[in-house]
Structures are given as C-alpha cells and as structure tokens.
Amino acid sequence: MGIWIIAVVVLALVVLSAFFSGSETALTATSRARMHHLEGAGDPRAKSVNTLMTRQDRLIGALLIGNNLVNILGSALATSVFLTLFGQSGVAYATIAMTVMLVIFAEVLPKSWAISNPDRFALAVAPIIRRFVLVVGPLSSLVNMIVRRMLKVFGVDLTDRESMLTAHEEIRGAVEVLHKEGSVVKEERDRLGGLLDLAELEVSDIMVHRTNMKMVNADLEPAAIVSEILESPYTRMPVWRGGTDNIVGIVHAKDLLRALHGVDNDPTRIDIMKVANKAWYVPDTTTLRDQLDAFLRRKAHVAIVVDEYGEVEGLVTLEDIIEEIVGDIADEHDVDIQGLRQEADGSIVVDGSVPIRDINRALDWHLPDEEATTIAGLVIHEAQTIPAEKQAFTFHGKRFVVMKRERNRITKLRIRPI
C-alpha cells in the first residue's frame, strides 16, 4: 500500500513540475503591452502578471527553485519505489521512467501548451505564482545575489540591463513581425513606420528641391503675378526678388483673392509685397518631428529650407510631413505626377527625382536611403560617377539602367529586380 501512495505522490510532483514549467514559459512570453492594457481595464490577474514581471529575476529564480525541488523529490521517491520492486537495477528503471515522464509531461507538453496562448495561461496562473513567489522570494533573492557575485568574477554584470534596441526599434520590429504574421496590413505597417521615422529623418530628406520649386518673381507686372499664382495648383507660393535664392515672402492664394476683392478685381492695383507673408527659414538638419512640432506651434504650413551657409535648398510643407505618415494625400487641384511606372516585363521605369523612400513604400523594397534621397542620387553614389545613358549597374539586388540623362542629372531609370 505504501508503494502506491508514493507512486501517487510522484505523479502529483510531476503535475507540479508541469505547472512550474508552463508558468515560466507563459509569464516570460506574455505580451506586456496587453497585460498593461488589461490592468488599465481593471483586471486584477493582469495586475498580478505585471507585478511579477517587474522583478523578472526573482520570478524566474522562484520558479526554478520550485521546479527543481519537485523534480528532485519526485526522482528520489521514484527511485525508492523501483529499488523496492527491482533491487539495484531499479535505479536504471527509475532514471528512464522519470526522464520520460518529466520530458514529456513536465516540460514539452506544458511549455507547448503555454506558448500556444501565453496571455491566457499567464492570467490563469498569476495569482497562484504570485503567492508562491512571496514565500520562496527571499530564497530566490539569495540565489540571485550569489549568481551575480559569481558572474562578476568573470566580468558579467547583470545589473547592466540596457537594451541593445531603442524603444522605436522594438516597436518597429514588433510591427514587422505582426505584418509577416498577417495581423498588420502593409498600409498600417507603413503608417506606423512613417510615424517612427519622424525622429530619424531630416527636412532635407523630404523637401521639394529648389530646382522643382514653383515660385513667382516679385518684379513681374502685377497682372502677370496674379495670373501665375491663380494658375498654380499650389495654395502657397514663395516670392523672390533679384534671384531665386532671395525669397522675400510667401503668398497665400486666399490672401490674394481677398486683396483682389478689395481693389474691385483689378490685378494691376495689387502690390504683391503687401499680400505676401514673411518667409520662415529652417535649417536642413531639422528632424521631421521637431519641424512638425514647429509647424503646429507657429500655425504655419510652409517653411523655406536653407543649408549651413544660409543658401536656399528647397521648401517643406506640413503636408509633406503628414504624407510621410499616411502616404500621398491628393486633392482636386494636385497634379498627379507619380514618376513611377510598372512595365509588362516586370521592370520599373522611374524618374530620377523620385525619393527612395517613396519607391520602397510603393514596391515594398528596401533600398538604402542613408547616403542619398532620390533614386538618381543612389545610382550616382553607388557608381561613384555620373553614368552615361544606357549604362547599367547592379547593386542591392536590383539592375539599374540609365535611360535618360540631361547634363549632369539622371532623369529616367529602368530598375529590374534580379
């Protein structure tokens, strides 16, 4: 009868071992973001999970102590049973039997179950584990202290918990994983990625270059100025005088219409400098996050970008920054110039001025944009020269063929994935 009681105790210890193993897997694999959300919604079990995870080393130590304690005790009792039944050969039988039971029922089975749904498993075991940690916690802390001191001898400092990844990188990685698993669609991934990129990108990465800026000459006849502004698809236009580097103001079409109404719609009586607002200059190294904050703070929509020497480089708008998050925003007055066309043979024909980021977002490519902003700039950077027409290059898994060049500018490219 005593043998059967011991056998039942051994089975109970195996169940306890399974509980500790599954709890360890579930609590370390659970989503901390989801637990914080559930705690905020008033779930006391989620609060227990978060409390346990604040001292993860203490938690793991307590679970390992409990797991090893029941495993060793169960193996010892099983060995005594097999020694009674089979004599000295019972040691071998006990070793085989306990190894099989512990591996299958106390390790693989509970951990597989826990990892399949860690959040639900963690919520279920958290109240019990929290009480267990309160009891075994002091012993776990002692063990952790011994371990830390031993590791310090070998130059390993467990108190240095600085993550190799920044918070933005961890969020980006999580979004990428969820996208691959199908939980986040490409458009949502791009928007979240664009939001995170605001702190890394500078206004020079998204600005309209001065060669493509639509501007009006303040020295033209008033009627010509009014006509040029009203025919433009843009609401705001820079005004220059003496040279395109000398931006003297920004004209809003609504202000111009109000001024026209005030002079009985006679454009010859318009003084453009009285209508124009003062131009706002920003350095090209300003991050998009800082520039967005500045736009909102000043209630402005347009800024002129200058380099370190004060020379005009381009123009950036509030819409440009928002488009980095949500993608292209088109209205009824926009001129639809995509600059990118898919060919029947699978190749892509693209204008040289198209930003690399736009190509990556549209085609889900990963061309580097650290050294160049436009696709033409990337080709020149990689080629270390200004290529001639029909010259071809292969890099970053793509074949680039220069289709058209004007002076020193690459204006059209054909890109074919290898």
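Each residue of the sequence shown is one higher than the last, beginning at 1080 in the working numbering.
Quick reminder that beta carbons are idealized off the backbone N, C-alpha and C, glycines included.
What you are looking at is a predicted structure, and each value in this text was computed from that prediction instead of being measured.
Beta-carbon proximity check, R1074 vs D1236, cutoff 8 Å: No information on residue 1074 is available, as it lies outside the stretch 1080 to 1497 that the chain covers here.
Buried versus exposed call for N1325 [16 or more other C-beta atoms within 10 Å across all chains shown]: Counting from 1 along the sequence shown, the entry for residue 1325 is found at position 246. Its Cβ having fewer than 16 others within 10 Å, N1325 is exposed.
Assigned secondary structure, R1337 (DSSP; H/G/I helix, E/B strand, else coil): If you number the sequence shown from 1, residue 1337 lands on position 258. Looking at R1337 - three-state DSSP - the assignment turns out to be helix.
Residue range of the alpha helix (DSSP H) that includes Q1370: Residue 1370 sits at position 291 when you count from the first residue of the sequence shown. Element bounds for Q1370: 1367-1377.
Pairwise C-alpha distance: A1382 and A1355: Here residue 1355 corresponds to residue number 276 of the sequence shown, with the count starting at 1. Here residue 1382 corresponds to residue number 303 of the sequence shown, with the count starting at 1. Straight through space, the alpha carbons of A1382 and A1355 are spaced by roughly 14 Å.
Closest residue to A1332 among I1497, N1487, V1295 (Cα-Cα distance): Here the question's residue 1332 lines up with position 253 in the sequence shown. Proximity to A1332 across I1497, N1487, V1295 peaks at V1295, based on C-alpha coordinates.
Chain-order list of residues whose beta-carbon lies under 7 Å from that of V1433 (same chain, five-residue window excluded): Start at 1 with the first residue of the sequence shown, and residue 1433 comes out as number 354. The residues are G1418, L1419, T1453, I1454.
Alpha helix (DSSP H) runs wholly inside the stretch 1450-1477, at least 4 long, in chain order: Runs found: 1454-1462.
Cut-off 8 Å between Cβ atoms - residues of its own chain near D1443, not counting five sequence neighbours on either side: To locate residue 1443, count along the sequence shown from 1; it is residue 364. When the five nearest sequence neighbours on each side are left out, the beta carbons in the same chain lying within less than 8 Å of the beta carbon of D1443 are those of K1265, in order along the chain.
Euclidean distance between Cα positions of K1477 and R1493: In the sequence shown, residue 1477 corresponds to position 398, counting from 1. In the sequence shown, residue 1493 corresponds to position 414, counting from 1. Using only the alpha carbons, I get a separation of about 10 Å.
Extent of the continuous alpha helix (DSSP H) to which H1116 belongs: Along the sequence shown, read from residue 1 onward, the residue named residue 1116 stands at position 37. Counting along the chain, the alpha helix (DSSP H) containing H1116 begins and ends at 1111-1119.
Neighbourhood of V1480 by C-beta, 6 Å cutoff - its chain only, sequence neighbours within 5 removed: The residue given as residue 1480 occupies position 401 in the sequence shown. A1471, R1493.
Residue interval of the beta strand (DSSP E) (run including A1498): Only positions 1080 to 1497 of the chain appear in the structure, and residue 1498 is not among them; the question remains open.
Alpha helix (DSSP H) segment containing Y1039, residue limits: Nothing about residue 1039 can be reported from this structure: the residues present for the chain run from 1080 to 1497 only.
Minimum C-alpha distance to R1111 - residue among K1293, R1337, I1250: Residue 1111 sits at position 32 when you count from the first residue of the sequence shown. Nearest option by C-alpha distance: I1250.
Continuous alpha helix (DSSP H) stretch holding E1392: start and end: If you number the sequence shown from 1, residue 1392 lands on position 313. For E1392, there is no enclosing alpha helix (DSSP H); the residue is found in the beta strand (DSSP E) stretching over 1391-1396.
Environment of M1292 [buried if 16+ CB atoms lie within 10 Å]: The residue labelled residue 1292 in the question sits at position 213 within the sequence shown. Buried is the call here.
Cβ separation of A1097 and F1184, assumed to be a contact under 8 Å, to the nearest whole Å: Along the sequence shown, read from residue 1 onward, the residue named residue 1097 stands at position 18. Along the sequence shown, read from residue 1 onward, the residue named residue 1184 stands at position 105. Confirmed, about 6 Å.
Inter-stretch contact at 8 Å, needing at least 3 Cβ pairs: the stretch 1139-1159 / the stretch 1219-1231: A contact exists between the stretch 1139-1159 and the stretch 1219-1231.
Other residues of its chain near L1156: CB distance less than 7 Å, five sequence neighbours each side excluded: Looking up residue 1156 in the sequence shown gives position 77. Scanning its chain for C-beta atoms nearer than 7 Å, with the 5 sequence neighbours on each side dropped, one finds around L1156 the residues I1085, V1088, V1089, in chain order.
Start and end residues, alpha helix (DSSP H) containing K1357: In the sequence shown, the residue the question calls residue 1357 occupies position 278. First-last for K1357: undefined, no H or E at that position.
I1285 beta carbon less than 8 Å from that of E1449: Taking the first residue of the sequence shown as position 1, residue 1449 is located at position 370. Taking the first residue of the sequence shown as position 1, residue 1285 is located at position 206. Cβ atoms of E1449 and I1285: not closer than 8 Å.
CA-to-CA distance, G1273 to L1244, given in whole angstroms: For the purposes of this step, residue 1244 is taken as the residue at position 165 of the sequence shown. For the purposes of this step, residue 1273 is taken as the residue at position 194 of the sequence shown. Confidence is the limiting factor: at L1244 the pLDDT is only 47, short of 50, which leaves the residue's position unreliable, though a coordinate-based value still follows. Their Cα atoms are separated by approximately 18 Å.
Cβ neighbour criterion (16 or more within 10 Å) applied to V1342: Taking the sequence shown and counting its residues from 1, the one referred to as residue 1342 is at position 263. For V1342, the number of other beta carbons within 10 angstroms of its own is below 16, and it is reported as exposed.
Meets three-Cβ-pair contact criterion under 8 Å: the stretch 1383-1399 and the stretch 1360-1374: The stretch 1383-1399 is in contact with the stretch 1360-1374.
Buried/exposed call for P1496, threshold 16 Cβ in 10 Å: For this step, residue 1496 is matched to residue 417 along the sequence shown. Flag for P1496 reads exposed.
C-beta contact flag for R1124 and A1205 at 8 Å: In the sequence shown, counting from the first residue as 1, residue 1124 sits at position 45. In the sequence shown, counting from the first residue as 1, residue 1205 sits at position 126. In contact: R1124 and A1205 (Cβ atoms closer than 8 Å).
Within 8 Å, strictly: CB atoms of A1451 and H1460: Sequence index remark: in the sequence shown, residue 1451 carries index 372 (1-based). Sequence index remark: in the sequence shown, residue 1460 carries index 381 (1-based). Yes; because the gap between Cβ atoms is below 8 Å, this pair is in contact.
First and last residue of the uninterrupted alpha helix (DSSP H) at W1192: As a working note, residue 1192 is residue 113 in the sequence shown. Judged by DSSP secondary structure, W1192 falls within the alpha helix (DSSP H) whose first and last residues are 1188-1195.
A1105 burial status per 10 Å Cβ neighbour count (16 or more: buried): On the sequence shown, residue 1105 is found 26 positions in, with the first residue counted as 1. Buried.
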